[in-house]
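See structure below.
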Amino acid sequence: MLSRHLPRASKLAAGLRLGQKYRGLATVSDDPLSRKVEMTNWEKGNYINYKKMSENLAIVRSRLNRPLTYAEKILYSHLDDPHGQDIERGNSYLKLRPDRVACQDATAQMAILQFMSAGMPSVATPSTVHCDHLIEAQVGGAKDLARAEAINKEVYDFLSSSCAKYNIGFWRPGSGIIHQILLENYAFPGGLLIGTDSHTPNAGGLGMCAIGVGGADAVDVMANLPWELKAPKIIGVKLTGQLSGWTAPKDIILKVAGILTVKGGTGAIVEYHGPGVDSLSSTGMGTICNMGAEIGATTSEDQGAEYDQLIEINLSELEPHVNGPFTPDLATPISKFKVAVEKNEWPTELKVGLIGSCTNSSYEDMSRSASIARDALDHGVKAKSLFTVTPGSEQIRATIERDGQLQTFEEFGGVVLANACGPCIGQWDRKDVKKGEANSIISSYNRNFTGRNDANPATHAFVTSPDLVTAFTIAGDLRFNPLTDTLKDKDGKDFRLSPPTGAGLPAKGYDPGRDTYQAPPTDRSTVGVMVSPNSDRLQILSPFQPWDGKDANDIPILIKCKGKTTTDHISMAGPWLKYRGHLDNISNNMLIGAVNAENNEANKGIKWVVIGDWNYGEGSSREHAALEPRHLGGLAIITRSFARIHETNLKKQGMLPLTFENPEDYDKINPDDKVDLHVTDLAVGKPMRIKFAPKNGKPWETNLLHTFNEGQIEWFKDGSALNSMAKKTKA
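Going by the UniProt record's numbering, the sequence shown opens with residue 1, and the numbers climb by one from there.
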């Protein structure tokens, strides 16, 4: 757990460098890398294989003969074939052997259903499932949890029984958010973890390379197949100076997001290094990695290692930032935020402030926010705006209850929600405004796309540190700057909030709280998986049909998506999460949130290829955003560019993610054009021809590009990656 894990992990990293004895490691003379060190306190027999990592890395070093970044060291030490693997950043496809797999409950349903169809008795790689996505925030933690357990009983029973059957650790509802649980219990320096949620990089706070993937990728690794990743480019962020006052670790990633934009990190690992890293806590580094939304790693690199892009940030000069609305990369320093609010006519009244979530729910975050709330209470002032608190785990909730922060938040006027994702992913039964009513909210979450939190497209959602969220709720106004502005106390006198203070770790250690973990039984032979044939939420999968070997002629464009099309637009979350295990039912939501270029409205069901804009499929690693179009007969998604996870997910399901050789071709396409797609052109490194036939106009042809390799082409031909895997299992 975090109370033991954090100091022990930092000592372990030092021990590996210096040969000191930590976490069961012996001295250098006793070959510390050969000692058996268990990955986690929750499992027996799953060991960290530092010796194998070291051997792989030595092979790669001898081949490349150049300094390596820290992220490269982790990836290359997990290569399936370090001798023969082609290694070129940005081009090669690496075949990797991750140490662990983690799934949240919404994506775990389909991942496990797919794994079941492979016919294996047990997962081949240590795996866990975490129940955090299906708990809707309504009135408060205990009641919301009880309601979720009743509503989602058949899903939780399925996950509990299937985890027991296939040797998977199961974290019950109320245990906490997947990323906080992973950081507390499973992260370790140098490890490689994949998780079916895009904020899996949170585990980078302990020097782990943790990558968000689709469910099909998780199934591959569970089934003992190598995981394939296009060798990422490495973006270096050099930190100097030291944070102080109102500036928090969150401000680092808010600044970086403004520099890189939501497209800038695609296909890259963001690695933080430099002397400024030394002053950051592990959980603070986790926050930075979490919101990187691609991959985050934090620690040292070889002298002379080169980055594909380098960003330098002086922490001593960094201002607190507020990002948004409607996108997490619109970054504004607090000194300029009031002007931006007034200039853009954003609603100035703050309706709700929300702290917590997987990004910012550590003990340090909660302590700092509670210090601000206590400062206000000492002046006789409470929150003007609605204020919610989401603990990241049962361990955090129990500890801040014991140490008094929870009571402070409640005195302040806060509502403590369940240890779950809640409003961050749209699980919020919001009552204070009507849908369509323009309003502002501010959170310490990681994403703020249109309608993501409350399904209201008129909600202006901003993201910032928990410190600023708490300060804004006291003022109730977005024009407030706690660094310079004053507030009125209970007697009408002016006062200025003191800068936040808080401990990185609790002085008394952590209180684990309720026991929420289910270990797999020793004898799993009699365990049955619970799936009702009459369920509207769970459905045993049938394989997709293989490709017929022909070109596709005279097929329609289902929709031409205009502008930002995230996985939230393609496959809405919120109330649709209940159907994550039933492909027929969840497919009813496909593309209902995307803006159609034909009428500038959200799609109402047009009768197929899909035409997309830049960075199509950004956002959550939503497996269903790829499953649904395949299930409904889609052949290809043709865009200016793709977000990495979604592009891979489409390939896994037997679809063709294609990009325009000339991005300007997007503007020439009419939504009612018919299409001839030369599918038989599909070959590694070669373009695919397409012809567009307008209703009124001359047909025209162009080329489409793709990133398929030979193995991925087999997925398409077989109908899906799962079909290819099943063929190999039977062979």
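For glycine and all other residues, C-beta sits at the position ideal for the given N, C-alpha and C.
Asked	Found
Quick one: what does DSSP say Gly426 is sitting in, helix, strand or coil?	coil
Helix, strand or coil: which one does DSSP assign to Leu254?	helix
Along the chain, where does the alpha helix (DSSP H) that runs through Trp715 open and close?	710 to 718
In its own chain, which residues sit with a C-beta less than 7 Å from the C-beta of Ala218, not counting the 5 before and 5 after it?	Val101, Cys103, Ala111, Ile194, Thr196
Applying the criterion that 16 or more other CB atoms from any shown protein chain within 10 Å of the CB defines a buried residue, is Ala507 buried or exposed?	exposed
If you drop the 5 nearest sequence neighbours on each side, which residues of the same chain put their C-beta closer than 8 Å to that of Ala26?	No answer about Ala26 holds up, because its pLDDT of 40 lies below 50 and its placement is not dependable.
Locate the beta strand (DSSP E) running through Ile127, then write down its first and last residues.	It should be pointed out that residue 127 corresponds to Ser in this sequence rather than to Ile. Residues 127 to 130.
Output the distance between the C-alpha atoms of Cys131 and Ile637, rounded to the nearest integer angstrom.	31 Å
If you run the structure through DSSP and keep just helix, strand and coil, what is His706?	coil
Below 8 Å, can you find three or more Cβ-Cβ pairs linking the region 520 to 540 to the region 155 to 162?	yes
Would you kindly work out how many angstroms separate the C-alpha atoms of Leu377 and Trp346, rounded to a whole number?	29 Å
Tell me whether Thr459 sits in a helix, a strand or coil according to DSSP, three-state version.	strand
Report the partner residues of Asp494 according to the DSSP bridge assignment.	Lys488
Distance check for Met120 and Lys44, CA to CA, integer angstroms please.	21 Å
In the DSSP assignment, what are the bridge partners of Met688?	Leu704
Among Cys421, Phe716, Pro201, Asn224, which has the Cα closest to the Cα of Asn453?	Cys421
From Phe337 to Gly356, what does the alpha carbon distance come to, in whole angstroms?	22 Å
To the nearest angstrom, how far is the alpha carbon of Glu661 from that of Leu632?	27 Å
Thinking C-alpha only, which one of Asp429, Ala305, Thr459 is nearest Gly436?	Thr459
Taking the straight line between their C-alpha atoms, what separation do you get for Leu239 and Ile311?	9 Å
With a CB to CB cut of under 8 Å and the five nearest residues on each side skipped, what residues in its chain are close to Glu623?	Thr107, Met110, Ala111, Thr196, Gly214, Gly215, Ala216, Asn649
Could I get the ranges of all uninterrupted alpha helix (DSSP H) runs contained in the region 512 to 567, with 4 residues as the minimum, in chain order?	none
Apart from the five residues on each side of it in sequence, which residues of its chain come closer than 7 Å, Cβ to Cβ, to Ile234?	Thr69, Ala71, Glu72, Arg89, Ala268, Ile269, Glu271, Tyr307, Asp308
Within 10 Å of its beta-carbon, does Pro663 have 16 or more other beta-carbons around it, so buried, or fewer, so exposed?	exposed
Could you give the distance in angstroms between the alpha-carbon of His646 and the alpha-carbon of Glu618?	7 Å
Excluding sequence positions up to five away, which residues of its chain have a Cβ less than 8 Å from the Cβ of Leu538?	Gln109, Leu113, Glu154, Val155, Phe158, Val531, Ser532, Gly581, His582
Is the region 382 to 395 touching the region 180 to 187, taking contact as three or more C-beta pairs under 8 Å?	yes
If you pair each beta-carbon of the region 328 to 342 with each one of the region 462 to 480, do three or more pairs fall below 8 Å?	yes
Could you spell out the range, first to last residue, of the beta strand (DSSP E) harbouring Gln309?	309 to 314
Quick one: which unbroken alpha helix (DSSP H) runs of 4-plus residues sit fully inside the region 219 to 255? Chain order, please.	none
Is it the case that the region 700 to 709 contacts the region 685 to 692, given that we only count it when at least three CB pairs across the two stretches are under 8 Å?	yes
Within this structure, are the beta carbons of Glu319 and Pro333 separated by less than 7 Å?	yes
Look up Ile638 in the DSSP assignment and say whether it is helix, strand or coil.	strand
Just to confirm my understanding: we take Met39, look at its own chain, exclude 5 residues before and 5 after, and list those with CB closer than 6 Å. What are they?	Asn46, Ile48
Where does His78 land, buried or exposed, given buried means 16+ other C-beta within 10 angstroms?	buried
Looking at the structure shown, is Cys163 part of a helix, part of a strand, or coil, going by DSSP?	helix
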